[in-house]
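A short worksheet on the structure shown next.
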Amino acid sequence: MKVFLDTNVLVSAFTARGLCTDLLRFLLAEHDVMTGEVNLVELRRVLTEHFHASDRQLAFVERQLRDQLVVPRPTAPSPLPLRDPDDAWVLASAIAGAADVLVTGDKDLLTVAAHSPLPILSPREAWERLRSAE
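Put into structure tokens, the structure is as follows:
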């Protein structure tokens, strides 16, 4: 299964211990992990501004993710009405990469899940669904 991870999931996976870390490890072992170029830009910014990550730490994180599929910035955002325009680019990236599922903690993305062309799951929902499918 191709699983697209949003920036907030990646931030949690690389900065804390817990569900997102466990989810990332599981996905790397059992599924195809993907993210978008737009997510990597935001990830770099968040890790630098909020976590004061060093250049070495940023390079490590980016190297880990570039070993997976990174979807180039799409030509247009998703047409679904989203409060944050950046979320439209994230959804468009997941769709362009032919992801089977988008995993996010972003409430705005989760609220449009019923109208999305692909499933949008919280990290907990993804963990439970993917682990039960083993």
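Taking this note's numbering, the leading residue of the sequence shown gets 42, the next gets one more, and so forth.
C-beta atoms are modelled at their ideal positions from N, C-alpha and C, and glycine is treated no differently.
Note that the coordinates shown come from a computational prediction; the quantities given were computed from them, not determined experimentally.
| Query | Result |
| --- | --- |
| Per DSSP, cross-strand counterpart(s) of Met42 | Looking at the DSSP assignment, Met42 forms no beta bridge with any residue, so it has no partner. |
| First and last residue of the uninterrupted beta strand (DSSP E) at Leu143 | Val142 to Val144 |
| Burial state of Gly77, where buried means 16 or more other Cβ atoms lie within 10 Å | buried |
| First and last residue of the uninterrupted beta strand (DSSP E) at Leu110 | Leu110 to Val112 |
| Three-state secondary structure (DSSP) of Thr89 | helix |
| Helix, strand or coil at Asp162 according to DSSP, with G and I counted as helix | It is Leu, not Asp, that sits at residue 162 in the sequence shown. Strand at Leu162. |
| Residues near Phe67 in its chain [Cβ-Cβ closer than 8 Å; skip 5 each side] | Trp168, Leu171 and Arg172 |
| Leu84 beta carbon less than 8 Å from that of Leu60 | no |
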